[in-house]
Amino acid sequence: MIEPQQALDRWRRLDVTVRDLPLALGLAGLAFLPALRDYGTQVGELPARPLDGWAVLVIALECLPLAVRRRWPAVCMILVAAGFAAAQVTGHHSFAGNALGVALVSTGAHLDRRRRVVGAVLTVAYVALAVTLDRLTGAERVDELVTFYLAMALAWGIGTWLRSTRAAEAERRLRVAQDTLVAERTRIARELHDVVTHHVTAMVVQTEAAKYLTAAPERLEQTLDAVTDTGRHAISDLRHLLDLLDPGHDGAARTPSAGEVRALVEQTRRAGQPVDLTEEGEPAGSADSAGLTAYRVVQEALTNALKHAHGAATTVAVRHTEREIMVEVGTAGAGSRGAAAAAGVTVRPGASAESGPGPGSGGASAGAAGTAAGGAEPGSGSAASRTRFGGSGRPVVPGSGRGLAGLRERVETLGGEFGTQRLDDGGFVVRACVPRAYSTVADRT
Numbered sequence: 001m002i003e004p005q006q007a008l009d010r011w012r013r014l015d016v017t018v019r020d021l022p023l024a025l026g027l028a029g030l031a032f033l034p035a036l037r038d039y040g041t042q043v044g045e046l047p048a049r050p051l052d053g054w055a056v057l058v059i060a061l062e063c064l065p066l067a068v069r070r071r072w073p074a075v076c077m078i079l080v081a082a083g084f085a086a087a088q089v090t091g092h093h094s095f096a097g098n099a100l101g102v103a104l105v106s107t108g109a110h111l112d113r114r115r116r117v118v119g120a121v122l123t124v125a126y127v128a129l130a131v132t133l134d135r136l137t138g139a140e141r142v143d144e145l146v147t148f149y150l151a152m153a154l155a156w157g158i159g160t161w162l163r164s165t166r167a168a169e170a171e172r173r174l175r176v177a178q179d180t181l182v183a184e185r186t187r188i189a190r191e192l193h194d195v196v197t198h199h200v201t202a203m204v205v206q207t208e209a210a211k212y213l214t215a216a217p218e219r220l221e222q223t224l225d226a227v228t229d230t231g232r233h234a235i236s237d238l239r240h241l242l243d244l245l246d247p248g249h250d251g252a253a254r255t256p257s258a259g260e261v262r263a264l265v266e267q268t269r270r271a272g273q274p275v276d277l278t279e280e281g282e283p284a285g286s287a288d289s290a291g292l293t294a295y296r297v298v299q300e301a302l303t304n305a306l307k308h309a310h311g312a313a314t315t316v317a318v319r320h321t322e323r324e325i326m327v328e329v330g331t332a333g334a335g336s337r338g339a340a341a342a343a344g345v346t347v348r349p350g351a352s353a354e355s356g357p358g359p360g361s362g363g364a365s366a367g368a369a370g371t372a373a374g375g376a377e378p379g380s381g382s383a384a385s386r387t388r389f390g391g392s393g394r395p396v397v398p399g400s401g402r403g404l405a406g407l408r409e410r411v412e413t414l415g416g417e418f419g420t421q422r423l424d425d426g427g428f429v430v431r432a433c434v435p436r437a438y439s440t441v442a443d444r445t
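Put into structure tokens, the structure is as follows:
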């Protein structure tokens, strides 16, 4: 048995002429019912005549062209108008006269070109019909003729309104599709940047270090093993990312969370970067937008430390609460200047910072507060940042690098705060505060 939805889908796949044919045949059939004889459309005072062979031809000319009302609206309109005029002049008034209104609405809705020409032709034809009827009867009322013309114009206007509504909806859907495509491309670009940059940076650093370990075979072997492990992690993460792009993939794509920061830190340590990790609170049991964003903040900050401050002491502090995840990653001492410059961060000369606890107390990155989500001008100080992160340092202009700019947008999308700061000793700090409640709502919608 065919389901109603299947039948509807099959009907929609039929040619538009086939779908409009029942309307044409049905209207023609109703015209022959005696009960509907007095429900036709009549213009003028010409008396009605009984049905005969000529009436059959007139009814067919009025109704059957409706089968092409959407495929060839102008042709349909001309034929229906001709049949209607013939019916009025010969006195064969019937229910088929209502086809004129259907044709006018359809023409207004589906005619794409030469709309004004068709409208002008119909107006001239109606004036000619009115003059002819007046000559035949000599008793036509001008007000009735004008009223009927206005009714025809209203039918055309309804079709035009339907056309405009359909065009606006199509434009809205196109806009939504384009916005969705841009958002998806941006998301994929971010994920590729996060995955590829981190792993490749670690591999490059490890490979460079291996050049100087030829005299220590054991350490060389360990370094090469670390390169191999990093490469395998990169391949695995890329496969999971490609699964997101495969519509035929049924399995759930792997999404890292804040609870996996420890593994990320261990991988960075194997690349030769001294990292001190401090965690407070319990991470969420399952991955969500807040956890993924916090993970990406740590990943990007460690990647920048590897690239621009290799060997400098680095601290990672993560605090999990019921309401938010607070992250602070800092690189201390000389060498961080390169990381800040590469990230596109500009510091006003002479900027200083007061010490203050970060999310993890006692971290080497403890220092000035970062900028709040909205950002602040240099030297203004952000009250939100001082409250969240406990510092009162001078905020800086955010970097223009792809990684940090993408992180700022991610964090602020979830209603959080993101800040970067360069310290007096050359250290560089990245801070983020991501609310959990907002991300939970975003995940559900």
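For what it's worth, full-length UniProt numbering labels the leading residue of the sequence shown as 1, then goes sequentially.
Every residue gets a Cβ at the ideal spot worked out from N, C-alpha and C, and that includes glycine.
Whole-angstrom C-beta distance between residue j and residue i, which should lie under 8 angstroms
i, j, result
"Cys63", "Arg69", "Between Arg69 and Cys63 the Cβ distance is about 11 angstroms, and since that is not below 8 angstroms, they are no contact."
"Ala99", "Leu27", "6 angstroms"
"Gln88", "Leu133", "7 angstroms"
"His310", "Gln273", "6 angstroms"
"Arg135", "Thr90", "Incorrect: roughly 14 angstroms between the Cβ atoms, too far for contact."
"Val261", "Tyr295", "6 angstroms"
"Cys433", "Glu324", "6 angstroms"
Candidates the options, of which the one nearest residue i by Cα
i, options, result
"Val204", "Glu144, Thr268, Pro217, Val142", "Thr268"
"Thr293", "Gly272, Val327, Thr278", "Val327"
"Ala313", "Gly403, Ala226, Asp425, Arg262", "Asp425"
"Gly403", "Gly281, Ala130, Gln421, Asp194", "Asp194"
"Leu302", "Ala263, Ile235, Ala85", "Ala263"
"Leu25", "Thr278, Asp9, Ala210, Val56", "Val56"
"Gly108", "Glu140, Gly159, Leu133, Thr90", "Gly159"
"Ile59", "Leu14, Gly83, Ala74", "Gly83"
"Val281", "Thr90, Arg422, Thr321", "Just to set this straight, residue 281 is Gly in the shown sequence, not Val. The shortest Cα separation from Gly281 among Thr90, Arg422, Thr321 belongs to Thr321."
"Ala74", "Arg135, Thr315, Tyr295, Val121", "Val121"
"Leu306", "Val200, Leu174, Ala86", "Val200"
"Leu238", "Ala151, Gln206, His198, Arg270", "His198"
"Leu61", "Val429, Ala96, Arg173", "Ala96"
"Val430", "Gly119, Glu266, Asn304, Ser94", "Asn304"
"Arg422", "Ala405, Val329, Cys433", "Val329"
"Ala151", "Glu3, Gly291, Gln42", "Gln42"
"residue 450", "Gly29, Asp38, Leu21", "Look at the range of the chain in this structure, 1 to 445, and you will see that residue 450 is not part of it."
Short Cβ contact (9 angstroms threshold) for residue i with residue j
i, j, result
"Pro435", "Gly416", "yes"
"Val105", "Trp156", "yes"
"Leu46", "Thr137", "yes"
"Ala210", "Val182", "no"
"Ala130", "Gly40", "no"
"Gly231", "Thr331", "no"
"Arg410", "Arg185", "no"
"Val316", "Val275", "yes"
"Leu414", "Ser236", "no"
"Ala67", "Leu23", "yes"
"Leu145", "His92", "no"
"Gln206", "Ala271", "yes"
"Glu300", "Leu192", "no"
"Ser94", "Ala31", "yes"
"Arg163", "His110", "yes"
Continuous beta strand (DSSP E) assignments of at least 3 residues falling wholly in the region 267-333: Every unbroken stretch of the beta strand (DSSP E) spanning 3 or more residues and falling wholly within the region 267-333 is given here in chain order: 275-280, 314-320, 324-331.
Three or more beta-carbon pairs under 8 angstroms between the region 88-102 and the region 119-126, yes or no? no
Check whether the region 108-118 touches the region 8-26, taking contact to mean three or more Cβ pairs, one atom from each stretch, closer than 8 angstroms. no
Ordered list of alpha helix (DSSP H) runs contained in the UniProt domain "DUF7134" (8-165), each at least 4 residues: Segments of the alpha helix (DSSP H) lying fully in the UniProt domain "DUF7134" (8-165): 16-30, 53-63, 73-90, 99-110, 115-137.
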